[in-house]
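Data block below; observations after.
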Amino acid sequence: RFFSGQTVNYAFQTDSEENPWAKSDLGAVKPINLIEIVNRPNEGSSAGLIVSLSSDGKTWDEVWKAIAVQTTWQVPLTRFHAGIDVPGRKARYIKLETRHDKRARPLLLQRFRAYGEE
């Protein structure tokens with residue numbers, strides 16, 4: 013349910029880990045303009061949420077980190093080209109994760125959407 017776009021009380025939960033994560037495979041490298049992440053209501057385990065992108069699933073580029081826990085995060089993706097930031101980044105994989113100081117806890121999220129071009 014995490015990737016379906018449905019709104020439910022919670023749709024995704026990892027085991028308690030020091031670095032819990034979820035990875036989505038888009039099936040091919042595609043341009044992504046925006047990632048929307050909906051947190052589980054009143055959930056603090058997503059503190060420090062990080063979004064990383066990869067074209068091959070091996071090499072990751074950290075593109076965003078939450079500075080505060082929110083109900084919804086909208087992560088606009090840009091790339092630096094010809095001296096300016098232009099919309100969109102290409103990726104096949106999107107990884108959502110948190111990293112904690114040796115303190116295991118789960119990652120719980122409600123919904124995830126990636127917007128881009130076909």
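Start counting the sequence shown at 13; every next residue gets the next number (our numbering).
All residues carry an ideal CB built from backbone N, CA and C; glycine is no exception.
The structure displayed is predicted, hence computed values, not measured ones.
Excluding the 5 residues flanking residue i on each side, which residues of the same chain have their C-beta closer than 7 Å to its C-beta?
{"i": "residue 37", "result": "104, 105"}
{"i": "residue 24", "result": "14, 34, 120, 121"}
Around the C-beta of residue i, are 16 or more other C-beta atoms found within 10 angstroms, so that it is buried, or is it exposed?
{"i": "residue 28", "result": "exposed"}
{"i": "residue 79", "result": "exposed"}
{"i": "residue 124", "result": "buried"}
How is the beta strand (DSSP E) around residue i delimited, first residue to last?
{"i": "residue 106", "result": "101 to 109"}
{"i": "residue 128", "result": "120 to 128"}
{"i": "residue 72", "result": "Here residue 72 belongs to no beta strand (DSSP E), and DSSP marks it neither H nor E."}
Identify, in the order they occur along the chain, each residue of the same chain with its Cβ nearer than 8 Å to the Cβ of residue i, setting aside the five sequence neighbours on each side.
{"i": "residue 90", "result": "97, 98, 99, 100, 101"}
{"i": "residue 109", "result": "31, 32, 33, 34, 61, 62, 64, 119"}
{"i": "residue 115", "result": "30"}
{"i": "residue 67", "result": "41, 102, 103, 104, 105"}
Could you tell me the alpha carbon to alpha carbon distance between residue i and residue j, rounded to whole angstroms?
{"i": "residue 69", "j": "residue 43", "result": "16 Å"}
{"i": "residue 126", "j": "residue 26", "result": "20 Å"}
{"i": "residue 51", "j": "residue 74", "result": "19 Å"}
{"i": "residue 130", "j": "residue 45", "result": "11 Å"}
{"i": "residue 111", "j": "residue 92", "result": "27 Å"}
{"i": "residue 87", "j": "residue 77", "result": "9 Å"}
{"i": "residue 58", "j": "residue 72", "result": "20 Å"}
{"i": "residue 117", "j": "residue 95", "result": "41 Å"}
{"i": "residue 55", "j": "residue 128", "result": "28 Å"}
Which same chain residues, not among the five before or five after residue i, have their C-beta less than 6 Å away from its C-beta?
{"i": "residue 48", "result": "86, 125"}
**Item:** Sequence ranges, alpha helix (DSSP H) only - wholly within the stretch 26 to 105, length at least 4
**Value:** Fully enclosed alpha helix (DSSP H) runs of 4 or longer: not present.
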